[in-house]
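Read the structure below first, then the notes.
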Amino acid sequence: MSTEFFEVNGIRVANIHSDSDIALFGIAVLAGSNYETPEIAGVSHFAEHMFFKGTEKRNWKQIAIEFAKLGVDNNAYTSNHEVFYHTTCPKDNIEPVIDLMLDMFFHSTIPEEELEKERGVIKEEKKMYDDNPRYAFNEAIGDNFFTWDKGHSTIGTFETIESIKRDDFVKFLEKKTNLSNFLFICAGNISTDELKKYISQRIPSSHPYLVNGTQNKVGNGFWSDIINKSDKIKFVLERENITQSNVSMLGRGLSVDDTCYSDSVILYKAIGGGMYSRLFSRIREELGLCYSTGMYCGSIAYPDYVSSELYGLLDRKNIDLFIEEAEKILDDVIKNGIDEDLFQCAKIDYLASVMRRVETSFGKADFLTRSYLSGQHGNIDEKIDKIRRVKIETCNGLAERLLSGQRYWAMMIPKGE
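Here my numbering is used: the first residue of the sequence shown is -17, the next is one more, and so on.
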């Protein structure tokens, strides 16, 4: 699976070659929630919604009908790092799909009447998330454990959703979007010559986005001031209408750019990655405390700010035992490492999960979007080869570095308990 990188009038383009009859065209913008300010929290997500609401040539309904007639599965997401607008379609329809996507990107009008309607839609979306106990718990963790730029909700608050105006979108997008901060990405059986032609014919002669600029950066902090000033933290959130408690232990992981990042993922999987893992074996199978328990890492500000989380969902009366047993497992891994069988299970699990993820055109593009957007050129085969080369000695050598620091515990319990 080779990837070609090129520029069209200064615009960065990545073309991931495959023999699929389904092609993806996407636009990734380095303008997620990490780059917002408190008074406009949620503006990047709100702007993502408005992307589909009309251009100088098409209204929202015409956009929807054109996508449908082209056999397009279109969507978008906003993360803390990027906004990714993506479409998949039969490869023969990629040219008109690119025409439509670039019209939406360069010629969005952000109509005022659609903005007000979408404001109500986003409020309902936030209510839906807030009704989900696990989502609410994760939001509380972000607010209390991490710096504001890395921990605040991507969707914003009801207050900021209500207060964001059209001018806020225009200023945010023009400030954060320049040639260093967006990328066009294609995946499928599309030649680079064809892709260059399709894009070059549809780029405006001038536009606020088509200027040179610096890449957007986040601040240096990781933990919140509350964490920095405390030797030991146990954060407790009470919530009504739940019968199960959520427990999480927060830590800091390696940068995605670290040469040992893949090794760290395998170590976390050995501890809590699946039925074979230490946590699952002890907490669920031997003690019967949890239905769901595990450990993983995730970027809260790509590439350098990665958090790790060990979690369990269980009865309130079993929380102390869960924490005790989890800490025993961590201490044992620090002291004795993981054995060869466990290492092989975790390594193959990680490898297989990546291979499953990149099986489709969307999966290929989505897997590489963050690294491509940040200027890291590589391909899927290289990343898979890197996983294959991980050794047990490196994983065990990381254990103390990753697991021996302060353990910050958070829990959400039924109100009244």
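No residue lacks a Cβ here, since even glycine has one placed at the ideal position from N, Cα and C.
{"Asked": "Outcome for N210 when other beta-carbon atoms lying within 10 angstroms are tallied against a minimum of 16", "Found": "exposed"}
{"Asked": "Segment contact flag, the segment 233 to 248 with the segment 283 to 295, C-beta cutoff 8 Å, min 3 pairs", "Found": "yes"}
{"Asked": "Beta-carbon proximity check, F304 vs L261, cutoff 7 Å", "Found": "no"}
{"Asked": "Buried or exposed by the 16-neighbour rule on C-beta atoms within 10 Å, applied to I167", "Found": "buried"}
{"Asked": "Pick from L249, R389, R338 that is closest to G379, judged by C-alpha positions", "Found": "L249"}
{"Asked": "Nearest-angstrom beta carbon gap, S206 and I128 [assumed within contact, 8 Å]", "Found": "Inspection of the sequence shows that residue 128 is occupied by Phe rather than by Ile. With 8 Å as the limit, F128 and S206 qualify as a contact, their Cβ atoms being about 6 Å apart."}
{"Asked": "Between the CA atoms of E95 and I362 - distance to the nearest angstrom", "Found": "43 Å"}
{"Asked": "Same chain only: Cβ atoms within 6 Å of M394, ignoring 5 sequence neighbours per side", "Found": "F119, L219, R221, N228"}
{"Asked": "Short Cβ contact (7 Å threshold) for S244 with I369", "Found": "yes"}
{"Asked": "Host alpha helix (DSSP H) of V103 (start-end)", "Found": "94 to 112"}
{"Asked": "Residues near S90 by beta carbon distance below 8 Å, same chain, minus five either side", "Found": "M32, F33, K35, G36, T37"}
{"Asked": "Ranges of the alpha helix (DSSP H) found wholly within the segment 15 to 44, counting only runs of at least 4", "Found": "25 to 32"}
{"Asked": "Cβ pair count under 8 Å reaching 3, the segment 14 to 21 against the segment 167 to 182", "Found": "no"}
{"Asked": "Counted within 10 angstroms of its Cβ, other Cβ atoms place A50 as buried (16 or more) or exposed", "Found": "exposed"}
{"Asked": "Residue burial classification, H63 (beta-carbon count within 10 angstroms, cutoff 16)", "Found": "buried"}
{"Asked": "Which of helix, strand or coil DSSP assigns to R260", "Found": "helix"}
{"Asked": "Same chain, Cβ closer than 6 Å to S274, five either side skipped, listed in chain order", "Found": "L295"}
{"Asked": "Whole-angstrom distance between N114 and G133, CA atom to CA atom", "Found": "18 Å"}
{"Asked": "Distance, M277 Cα to L385 Cα", "Found": "12 Å"}
{"Asked": "Close-in-space but distant-in-sequence residues of the same chain around G195 (CB under 8 Å, 5 per side omitted)", "Found": "N160, L161, S162, N163"}
{"Asked": "Element boundaries [alpha helix (DSSP H), containing R352]", "Found": "343 to 355"}
{"Asked": "Residue from S353, I181, R338 with nearest C-alpha to V(-10)", "Found": "I181"}
{"Asked": "Alpha carbon of I332 to alpha carbon of Q358, nearest angstrom", "Found": "A small fix is needed here, since residue 332 is Tyr in this sequence, not Ile. Those two C-alpha atoms are separated by around 21 Å."}
{"Asked": "Other residues of its chain near R352: CB distance less than 7 Å, five sequence neighbours each side excluded", "Found": "H63, E64, Y284"}
{"Asked": "Beta-carbon proximity check, E121 vs S135, cutoff 7 Å", "Found": "yes"}
{"Asked": "Burial state of R371, where buried means 16 or more other Cβ atoms lie within 10 Å", "Found": "exposed"}
{"Asked": "Range covered by the beta strand (DSSP E) that runs through P72", "Found": "65 to 72"}
{"Asked": "Proximity to I208 [Cα-Cα], best of Y390, P396, T(-15)", "Found": "Y390"}
{"Asked": "Distance CB(L82)-CB(E48) smaller than 7 Å", "Found": "yes"}
{"Asked": "Per-residue burial, V54 [other beta carbons within 10 Å of its own, 16 or more giving buried]", "Found": "buried"}
{"Asked": "Segments of 3+ residues assigned as beta strand (DSSP E) that fall wholly inside the segment 245 to 306", "Found": "272 to 283, 287 to 296"}
{"Asked": "Sub-7 Å separation of E98 and T60 beta-carbons", "Found": "no"}
{"Asked": "Under the three-state DSSP convention, the category K373 falls into", "Found": "coil"}
{"Asked": "Three-way DSSP call (helix, strand, coil) for D55 in this model", "Found": "strand"}
{"Asked": "Spatial neighbours of P72 in its chain, beta-carbon cut-off 6 Å, leaving aside the 5 residues before and after", "Found": "G53"}
{"Asked": "Nearest-angstrom Cα separation, counted from Q226 out to N300", "Found": "11 Å"}
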